[in-house]
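Visitor: Please find one structure pasted underneath; my questions will follow.
Protein chains in written order, with my numbering: chain A, 5 to 312; chain B, 5 to 312.
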């Protein structure tokens, strides 16, 4: 477990990828990020690029669509982690092709990092958009590439910053919109913790060809529980508007893309409880907080404390 | 122009597609909608399905991924209009293949219905997501399929219902968030008018192998102008929060998918003014309100009146 590896992060300047690249470097792995020229010259990315460099990450100029650059980067490493965003899920067939060609990669983690589609029953358009992840998983297995598939559940900071209230800049102080009855349990994992667990799993023989879930027990909470926790902290009762499931489904139907995508994700997570309504199959599904009890993950409670 | 045609709408039970299918039927065209079994049995879709039937639209059970059903439906018609949502833009290669195979289609309108990517300079992830539209346009041209490409600009009802303030159910009465300085001009077209223009263009020789823009003069407005119009109507001044471009770009970078997609679209439309910062090239670009002055389009002013 203490073995040091060579890890390539694709999408390593993105929302989650930057945490993964930095967690990799912090763990002592030789870390590479495939980065586009356009990212390097993008002022909005300069602080991310700077931070990667400060962490000792090696930036390799290239692109998922530039096969040669992808093969060159892949040849350098034992582990490839893709953290590409939702618009590039399908493009990961190009990473699979590069890994097949070089033949040296001992572990590939594709970009999943959400809830498990195999256990979910999503409506459109999330069914199509996230369904691509399932196709990528199938292609990886079909090619015989060693893998770990990662379901990290909800990005805790992204959601708790606004309680999924769009156009808000902070958690609600007056009123809150709750989808469904608010009782479905979801799972929240802080982005940096997702990165730490992912890097641990990337070099762990126990996660080889397994599906990794991040279900830290203290962070399995319903929306109502989170709101109650928050109300206690701010000493105030929020005005709650519940949007029943049938109404939400109607709004999804009546909203153009990509608003319907946002809402159909919320439907899966907060109304259907798709993160928590199944049991893990120990033969091929493993859980991060059990595998890595040494990780002191950040709790929802601690995250909310910082917002009070 | 009075000639009646046979029109197939794919995605015809979707957000925009239902208006297109109904506009086609109202215009007297024999109208077909390719519809999935799952859509037919979806309670959230029942009112849409009912409405299509009431308009005399013929529902053909099938799917874009079921080649046989697609070929069968395509064989029946002169015009194919795709109104598939953003998660299926790339899948339109399957429609192209079916049209090639049958050889009888005189006009194909792929699913664009936004702003023109060829004139825009979008940031990610909208660059990738909507960039697929450009690839589909290229593939249609390469295959020699007769086409009209439609840039309808912003869905007026969808945007004006909440002034693009997410998690709102109505236009703002107290405060409003404005991206950029609010001065970039955007173009708003009511969904039903988009459908009427599209159906007119679908059988119009003047739009053959052309790009159609919908730029109704009364609906070319900046966000500030819309807010001012609204303030006058409700007799109240809103508290305005401006999000400068560099801050918005930073928020996009720091938001996970698909929130970053929503925001990158807003950046294009409301900050960069990508709908209005170019001139049409008369050799291959035509404008709907000029071609069809007989259409009494709904103005932004009229839409806002209904919300007062």
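Ideal placement from N, C-alpha and C gives every residue a C-beta, glycine not left out.
Computed from a prediction, not measured in an experiment: that's the story for all the values here.
Run down chain B in chain order and give the residues with a C-beta less than 8 Å from the C-beta of residue 183 of chain A.
Guide: Ordered by position in chain B, no residue passes the 8 Å Cβ test against residue 183 of chain A, which lies about 10 Å from the chain.
Visitor: Residue 102 of chain A and residue 75 of chain A look like a contact to me (Cβ under 8 Å); what is the Cβ gap, rounded to whole Å?
Guide: Yes, residue 102 of chain A and residue 75 of chain A are in contact; Cβ-Cβ is about 5 Å, under 8 Å.
Visitor: So residue 261 of chain B contacts chain A; which residues on that side make the cut at Cβ distance below 8 Å?
Guide: 19, 89, 90, 91, listed in chain order.
Visitor: Please give the ranges of any alpha helix (DSSP H) in the segment 134 to 173 of chain A, keeping only runs that are unbroken, at least 4 residues long and fully inside the region.
Guide: You should have 160 to 164.
Visitor: If you measure beta-carbon to beta-carbon, which residues of the segment 133 to 161 of chain B are closer than 8 Å to chain A?
Guide: Those residues of the segment 133 to 161 of chain B that come within reach of chain A (Cβ to Cβ, closer than 8 Å) are 133, 159.
Visitor: Could you check if residue 165 of chain B belongs to the surroundings of the ligand SAH, using beta carbon to heavy atom distance under 6 Å?
Guide: Ligands displayed in this structure: none; no statement on the ligand SAH is therefore possible.
Visitor: On the criterion of 16 or more Cβ atoms from any shown chain inside 10 Å, does residue 212 of chain A qualify as buried, or is it exposed?
Guide: So residue 212 of chain A ends up on the exposed side.
Visitor: What are the residues in the segment 242 to 268 of chain B lying within 8 Å of chain A by C-beta distance?
Guide: Going along the segment 242 to 268 of chain B in chain order, one finds 250, 253, 254, 256, 257, 258, 259, 260, 261, 262, 263, 264, 265, 266 with a Cβ nearer than 8 Å to chain A.
Visitor: What in chain B is Cβ-close to residue 129 of chain A, meaning under 9 Å?
Guide: By Cβ distance, chain B contributes 89, 90, 91, 92.
Visitor: Could one say the Cβ of residue 199 of chain A lies closer than 7 Å to chain B's Cβ atoms, at least one of them?
Guide: Not closer than 7 Å to any Cβ of chain B, the Cβ of residue 199 of chain A fails to qualify, so no.
Visitor: Using a Cβ distance threshold of 8 Å, determine whether the segment 133 to 151 of chain B contacts the segment 89 to 101 of chain B, with at least three qualifying pairs required.
Guide: Yes: at least three Cβ pairs fall under 8 Å.
Visitor: Under 7 Å Cβ to Cβ from residue 31 of chain B, same chain only, skipping five residues before and after it: list those, please.
Guide: Closer than 7 Å at the Cβ level, and outside the excluded window around residue 31 of chain B, lie 203.
Visitor: Does DSSP put residue 210 of chain A in a helix, a strand or coil?
Guide: Three-state result, residue 210 of chain A: helix.
Visitor: Enumerate in chain order the residues of its own chain whose CB-to-CB distance from residue 243 of chain A is below 8 Å, with the five nearest sequence positions on each side excluded.
Guide: Answer for residue 243 of chain A: 178, 179, 180, listed in chain order.
Visitor: Does residue 290 of chain A come out as helix, strand or coil in the three-state DSSP assignment?
Guide: Strand at residue 290 of chain A.
Visitor: Between residue 115 of chain A and residue 299 of chain B, what straight-line distance do the alpha-carbon atoms span, to the nearest angstrom?
Guide: Approximately 47 Å, taken between the alpha carbons.
Visitor: Under a three-way DSSP split, which group does residue 5 of chain B fall into?
Guide: Its pLDDT being 45, under 50, residue 5 of chain B is placed unreliably by the model, and nothing is read from it.
Visitor: Please specify which runs of the beta strand (DSSP E), each continuous and at least 3 residues long, are wholly inside the segment 18 to 65 of chain B, giving them in chain order.
Guide: Within the segment 18 to 65 of chain B, the complete beta strand (DSSP E) runs of at least 3 residues are 34 to 39, 62 to 65.
Visitor: Can you give the Cα-Cα distance for residue 175 of chain B and residue 183 of chain A, rounded to whole angstroms?
Guide: Between residue 175 of chain B and residue 183 of chain A, the C-alpha separation is close to 21 Å.
Visitor: Check whether chain A comes within 7 Å of residue 48 of chain B, counting only Cβ atoms and requiring the distance to be less than that.
Guide: Yes, residue 48 of chain B counts as interfacial toward chain A.
Visitor: If we define contact as Cβ-Cβ less than 7 Å, is residue 307 of chain B a contact residue for chain A?
Guide: With 7 Å as the cut-off, residue 307 of chain B does not count as an interface residue toward chain A.
Visitor: Excluding sequence positions up to five away, which residues of its chain have a Cβ less than 6 Å from the Cβ of residue 220 of chain A?
Guide: Closer than 6 Å at the Cβ level, and outside the excluded window around residue 220 of chain A, lie 293, 301.
Visitor: Out of A/17, A/36, A/312, state which residue places its alpha-carbon closest to the alpha-carbon of residue 9 of chain A.
Guide: The shortest C-alpha separation from residue 9 of chain A is found at A/36.
Visitor: Kindly list the residues whose CB is nearer than 7 Å to the CB of residue 144 of chain A, restricted to its own chain and excluding five residues on each side of it in sequence; keep chain order.
Guide: Cβ neighbours of residue 144 of chain A beyond the five flanking positions: 100, 112, 114, 151.
Visitor: Do residue 303 of chain A and residue 222 of chain A have their C-beta atoms within less than 7 Å of each other?
Guide: For residue 303 of chain A and residue 222 of chain A, yes; Cβs fall inside 7 Å.
Visitor: Can you list, in chain order, the residues of its chain whose CB lies under 8 Å from that of residue 149 of chain B, leaving out five sequence neighbours each side?
Guide: If we look at residue 149 of chain B and ignore the five residues flanking it on each side, its Cβ neighbours are 100, 103, 104, 109, 112.
Visitor: Please classify residue 252 of chain A: is it buried, with 16 or more other beta-carbons within 10 angstroms of its beta-carbon, or exposed?
Guide: Burial call: buried.
Visitor: Is there at least one Cβ from chain A nearer than 7 Å to residue 5 of chain B's Cβ?
Guide: Since pLDDT at residue 5 of chain B reaches only 45, below the 50 mark, its modelled position is unreliable, and no value is offered.
Visitor: Can you tell me the Cα-Cα spacing of residue 268 of chain A and residue 274 of chain A, whole angstroms?
Guide: Distance between the alpha carbons of residue 268 of chain A and residue 274 of chain A: 10 Å.
Visitor: What three-state label does DSSP hand residue 274 of chain A in the structure shown?
Guide: Note: residue 274 of chain A maps to helix in three-state DSSP.
Visitor: Is it right to say residue 20 of chain A is buried, meaning 16 or more other beta carbons lie within 10 angstroms of its own, or is it exposed?
Guide: Buried, by the Cβ-count rule.
Visitor: Got a sec, what are the start and stop residues for the beta strand (DSSP E) residue 119 of chain B sits in?
Guide: Counting along the chain, residue 119 of chain B falls outside any beta strand (DSSP E), and DSSP gives it neither H nor E.
Visitor: Grab the span of the alpha helix (DSSP H) containing residue 106 of chain B for me, first residue to last.
Guide: Taken as a continuous stretch (DSSP letters only), the alpha helix (DSSP H) holding residue 106 of chain B covers 97 to 106.
Visitor: Secondary structure at residue 13 of chain A, three-state DSSP: helix, strand or coil?
Guide: In the structure shown, residue 13 of chain A sits in a strand (DSSP, three-state: E or B).
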